[in-house]
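2 protein chains.
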Amino acid sequence: MKVAELARLESVSADTIRHYVRVGLLVPEKDGSGYHTFNRHDVSRLRFILHARDLGFTLEDIRLILDEAGKGKSPCPVVRELIEPRLCEARKRLADMQALVERMESAVTLWSSLPDCEPCGDHICHLIEGDSEQLFDKGGACCE
Amino acid sequence: MKVAELARLESVSADTIRHYVRVGLLVPEKDGSGYHTFNRHDVSRLRFILHARDLGFTLEDIRLILDEAGKGKSPCPVVRELIEPRLCEARKRLADMQALVERMESAVTLWSSLPDCEPCGDHICHLIEGDSEQLFDKGGACCE
DNA sequence: TTAAACCTGCGAGCTACTCACAGGTCAAGC
DNA sequence: GCTTGACCTGTGAGTAGCTCGCAGGTTTAA
Numbered sequence: 001m002k003v004a005e006l007a008r009l010e011s012v013s014a015d016t017i018r019h020y021v022r023v024g025l026l027v028p029e030k031d032g033s034g035y036h037t038f039n040r041h042d043v044s045r046l047r048f049i050l051h052a053r054d055l056g057f058t059l060e061d062i063r064l065i066l067d068e069a070g071k072g073k074s075p076c077p078v079v080r081e082l083i084e085p086r087l088c089e090a091r092k093r094l095a096d097m098q099a100l101v102e103r104m105e106s107a108v109t110l111w112s113s114l115p116d117c118e119p120c121g122d123h124i125c126h127l128i129e130g131d132s133e134q135l136f137d138k139g140g141a142c143c144e
Numbered sequence: 001m002k003v004a005e006l007a008r009l010e011s012v013s014a015d016t017i018r019h020y021v022r023v024g025l026l027v028p029e030k031d032g033s034g035y036h037t038f039n040r041h042d043v044s045r046l047r048f049i050l051h052a053r054d055l056g057f058t059l060e061d062i063r064l065i066l067d068e069a070g071k072g073k074s075p076c077p078v079v080r081e082l083i084e085p086r087l088c089e090a091r092k093r094l095a096d097m098q099a100l101v102e103r104m105e106s107a108v109t110l111w112s113s114l115p116d117c118e119p120c121g122d123h124i125c126h127l128i129e130g131d132s133e134q135l136f137d138k139g140g141a142c143c144e
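Written as structure tokens, this is what we have:
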């Protein structure tokens, strides 16, 4: 099986698979023409990688897990250990994204009642510059 | 004012400022020693960049906005136009993050009641491989 | 035996920094 | 005047996880 076929089979891009090959997560053989050929074992390995990725593991994490299993050991302890910091990071990023979306929505709402401005001096755009202070300072309305 | 002083003043890293210089968002003069020197105008420009960044604009967006203002035009229409797709993307990423965190939390909960496994054949780790199907397929149990 | 369609691996590029590094600047001390 | 050391500089390269571009190879139909 070549890259494109595997990609179709697992619903990922051929580039993604090539990337995994490049970083050593997948190690397919090469046929006479220098093309990568994937066997049954490679397919389940890819499937594993995609599952792990969708659980928030980094490719480096996945490499560690695969290494552990490759040594014949149980990878479960590593898996349990690695997901903790990933979960913390994910929660942090989620909170950041939530705050960002709220800031953006407040901005859009606020701006809808503001006219366009002309730049003058060091002033560039009052939408972003001046009034956005209301969006950042959570201390309540300052001038209304 | 040199890089480090400006960095302290605006509470960003010197590397961040150097990055903005490198990509052309900041265009400070050079003194006799080849060091960048920032004037009052550069400071307010940086402040603007940071505000815009915190509203979810990309550096490329910010460049467009600054270009528009630099031509003497009002950047507001561009700003209003650019924030729409950014807000959509941010909402999308927020939803993705929310789903990811939920998957991770479900996984951790589920795994706490599962024992460690040994790898055998194409099977690598049942935590990620087998049981995680419950986390992905919302359609209910398929074979139990 | 071409022609066209499809596929390949590999290099480079993407965002927004961050780090490493060789070397420059400058005040304090002798 | 000279040296030591702290601090600072710009530039090149590296980060994650792909994604794109490209020159060229393979395969299939006419």
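Chains A and B, in that order, are what the protein sequence lines are.
Each residue of the first sequence is one higher than the one before, starting from 1 at the first, in UniProt numbering.
Each residue of the second sequence is one higher than the one before, starting from 1 at the first, in UniProt numbering.
Cβ atoms here follow ideal geometry from the backbone N, Cα and C, with glycine treated the same way.
Bear in mind the structure is a predicted one, so any value in this text is a computation, not a measurement.
State yes or no: is the C-beta of residue i within less than 8 Å of the C-beta of residue j?
i: V43(A); j: L64(A); result: no
Cα-Cα, which of the options is closest to residue i?
i: S74(A); options: H123(B), Y35(B), R22(B), T109(B); result: H123(B)
i: P115(B); options: S113(A), R91(A), A69(A), C76(A); result: C76(A)
i: K2(A); options: G121(A), H126(A), P28(A), S106(A); result: P28(A)
i: R40(A); options: L9(A), P119(A), G72(A); result: L9(A)
i: T58(B); options: I83(B), R91(B), L127(B); result: I83(B)
i: R103(B); options: R80(B), I128(B), L66(B), V21(B); result: I128(B)
i: V108(A); options: A99(B), W111(B), T109(B), E81(B); result: E81(B)
i: G70(A); options: E118(B), V21(B), H19(B); result: E118(B)
i: L66(A); options: Y20(A), E89(A), S11(A), S106(A); result: Y20(A)
i: A90(B); options: L110(A), S112(A), E105(A); result: E105(A)
i: W111(B); options: C120(A), L55(A), D15(A), A99(A); result: L55(A)
With DSSP as the reference, label residue i as helix, strand or coil.
i: H126(B); result: coil
i: C117(B); result: coil
i: K2(A); result: coil
i: K92(B); result: helix
i: C143(B); result: In this prediction, C143(B) scores a pLDDT of 27, lower than 50, which makes its location untrustworthy; the coordinate-derived value is nonetheless stated afterwards. In this structure, C143(B) counts as coil in the three-state DSSP scheme.
i: S74(B); result: coil
i: V43(B); result: helix
i: S106(A); result: helix
i: L25(A); result: coil
i: D137(A); result: Here the model assigns D137(A) a pLDDT of 47, short of 50, so the residue's position is not dependable and the matter cannot be decided.
Rounded to whole angstroms, what is the Cα-Cα separation between residue i and residue j?
i: S132(A); j: A4(B); result: A caution first: S132(A) carries a pLDDT of 47, below 50, which makes its placement in the model unreliable, though a value can still be read off. Cα-Cα distance, rounded: 26 Å.
i: L46(B); j: L94(B); result: 27 Å
i: R86(A); j: L6(B); result: 34 Å
i: D31(A); j: T37(A); result: 6 Å
i: D61(B); j: E68(A); result: 44 Å
i: I17(A); j: L25(A); result: 9 Å
i: M97(A); j: L50(B); result: 17 Å
i: G72(B); j: H126(A); result: 14 Å
i: K92(A); j: V101(B); result: 10 Å
i: F48(B); j: Y35(B); result: 23 Å
i: S13(A); j: S33(A); result: 22 Å
i: C142(A); j: R53(B); result: Confidence at C142(A) is low in this model, with a pLDDT of 29, below 50, so the placement of that residue should be treated as unreliable; the coordinate-derived value is given next. Each residue's Cα considered, the two are about 23 Å apart.
i: C88(B); j: G121(A); result: 33 Å
i: A99(A); j: D15(A); result: 33 Å
i: V23(B); j: S11(A); result: 37 Å
i: S113(B); j: S113(A); result: 54 Å
First and last residue of the alpha helix (DSSP H) that includes residue i?
i: F57(A); result: Counting along the chain, F57(A) falls outside any alpha helix (DSSP H), and DSSP gives it neither H nor E.
i: Y35(A); result: Taken as a continuous stretch (DSSP letters only), Y35(A) belongs to no alpha helix (DSSP H), as it is neither H nor E.
i: V12(B); result: No alpha helix (DSSP H) contains V12(B), which DSSP labels as neither H nor E.
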